[in-house]
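**Q**
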Amino acid sequence: MRLSLLKSAIIGLLVLLAGCSSVRLGYGSGPLLAWWWLDGYVDFSRENAPLAQQGIDRWFEWHRATQLPAYAGLLDAATQDVLEPVTAAQACGWQARLRGALNPALDRAVEIAADLVPTLGEAQLRHIEQRYAKGNDEMRSDFLQPDPAVRQRESVKRTVDRIERVYGRLEPAQTRVIAAGVAASPFDPERWLADRERRQRDTLAILRELVTTGADRDRRLAGLRTLALRIERSPDPDYRAYQLRLAEYNCQFAARIHNATTPEQRRKARDTFKGWADDFRALAATPG
């Protein structure tokens with residue numbers, strides 16, 4: 002199983018839950034959503050489907066009991082900070098805390114994936130490769146429109162949608178702040194997609210090696226953890242430098258957007274975070 006896929010599944014689940022009127026309503030469907038997502042990539046067989054489903058169930062049981070309380074605590078802190086202006090350094094600090102909060106979930110997924118790797122067949126590896134190609138085509142359609150004006154408009158729309166999910170409806174002047182920030186961003190979708198494809202090739206190469214050599218569990222864990230590290234830290238020094246520039250800009254951009262919000266919008270964000278935190282605590286206290 003590919004690590005960027007596992008991370009995407011974790012993040013995608015949290016984003017989906019954030020879009021629900023109540024996180025509690027969505028989390029119960031989490032195992033089914035995760036199965037649907039992962040099976041769409043791997044095409045599990047009759048032989049390894051039960052192992053995959055058991056792994057997903059174990060992950061959610063662990064995640065509910067151990068990670069949701071930590072997420073609630075993080076959101077409690079956010080309910081205070083979101084009412085005040087922020088600096089770029091503070092925005093970077095919050096991004097680091099969010100990444101840190103996700104790391105245990107990813108590491109647990111790695112341990113479960115290590116048990117699945119030896120059950121993968123060549124047909125499933127080819128299916129992953131084909132699903133990669135389909136996903137990359139979708140990314141090109143969403144991020145690499147031939148018309149620069151369309152590309153800019155769609156990027157602004159995605160950003161506005163994410164911001165409004167937390168702060169509520171934005172005013173035209175605030176949307177213009179976002180449009181200017183998107184236009185000035187160093188984000189290069191062509192470069193990003195090229196690195197994504199490189200990571201996919203690395204993933205398939207490592208998976209094939211682990212499967213064909215009959216690697217023991219320690220070697221499987223080491224290989225999967227190498228892939229996990231490459232999600233955050235590219236082995237290409239030029240791309241790493243680009244990632245750092247982009248991360249620095251995004252911290253400045255996030256602070257600029259937040260500081261352009263009104264007191265009412267910040268209170269809406271506080272209430273949103275509080276609702277999520279309350280839902281996470283309720284879920285953690287309820288057996289899955």
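All residue numbers for the sequence shown refer to our numbering, where the first residue is 2 and numbers rise by one.
All C-beta atoms in this analysis are idealised placements derived from N, C-alpha and C, irrespective of residue type, glycine included.
1) If I measure Cβ to Cβ from TYR168 and keep anything under 7 Å in the same chain, skipping five residues before and after, which residues do I get?
2) Quick check on this structure: which residue in GLN68, TYR133, PRO105, LEU245 has the alpha carbon closest to the alpha carbon of ARG199?
3) Check whether the Cβ atoms of LEU228 and MET140 sit closer than 7 Å, and answer yes or no.
4) Taking the alpha-carbon positions, what's the PRO173 to ALA180 distance?
5) Determine the direct distance from the alpha carbon of THR88 to that of TYR250, and round the result to whole angstroms.
6) Return the residue from the list GLU85, SER142, ALA73 that minimises the CA-CA distance to LEU99.
7) Can you tell me whether THR67 is buried or exposed? The criterion is at least 16 other CB atoms within 10 Å of its CB, across all chains shown.
8) What's the gap between the Cα of ALA286 and the Cα of ALA115?
9) Just how far apart, CA to CA, sit ALA79 and ARG166?
10) Quick check on this structure: which residue in CYS93, GLU48, LEU222 has the alpha carbon closest to the alpha carbon of ALA256?
11) Specify the secondary structure class of ARG154 as computed by DSSP and reduced to three states.
12) Which same chain residues end up closer than 7 Å to PRO86 when comparing Cβ atoms and leaving out the 5 residues on each side of it in sequence?
13) Can you look up ASN49 in the DSSP assignment and give me helix, strand or coil?
14) Can we count ARG209 as close to the ligand ATP, meaning its CB is less than 6 Å from some heavy atom?
15) Ignoring anything shorter than 4 residues or poking outside the segment 148-208, list the alpha helix (DSSP H) runs there in chain order.
16) Along the chain, where does the alpha helix (DSSP H) containing GLN244 start, and where does it finish?
17) Could you pull the start and end residues of the alpha helix (DSSP H) that LEU284 belongs to?
18) What residue range is occupied by the uninterrupted alpha helix (DSSP H) comprising VAL111?
19) So, is THR273 buried or exposed, given that buried needs 16 or more other C-beta atoms within 10 angstroms?
20) Taking contact to mean 3 or more Cβ pairs, one atom from each stretch, closer than 8 Å, check whether the segment 110-129 and the segment 200-212 are in contact.
21) On the three-state DSSP scale, how would you describe GLY56?
22) Would you say the segment 144-155 touches the segment 240-247, given that touching needs at least three Cβ pairs under 8 Å?
23) Nearest-angstrom Cα distance between VAL16 and PRO119?
24) Going by DSSP in three states, THR120 sits in which element: helix, strand or coil?
25) Would you mind giving the Cβ-Cβ distance between ALA283 and ARG25, rounded to the nearest angstrom? I have them listed as a contact below 8 Å.
26) Beta-carbon within less than 6 Å of GLN175's beta-carbon, same chain only, minus the 5 sequence neighbours each way: which residues are those?
**A** In short:
1) THR262, GLN266, LYS269, ALA270
2) TYR133
3) no
4) 10 Å
5) 12 Å
6) ALA73
7) exposed
8) 29 Å
9) 15 Å
10) CYS93
11) helix
12) ASN260
13) coil
14) With respect to the ligand ATP, the structure shown offers nothing to examine, as it has no ligands at all.
15) 149-168, 173-185
16) 238-260
17) 264-285
18) 89-117
19) buried
20) yes
21) helix
22) no
23) Residue confidence is low: VAL16 scores 49 on pLDDT, short of 50, so the model does not pin down where it sits. Its coordinate-derived value is still stated next. Roughly 31 Å between the two C-alpha positions.
24) helix
25) 6 Å
26) ALA261
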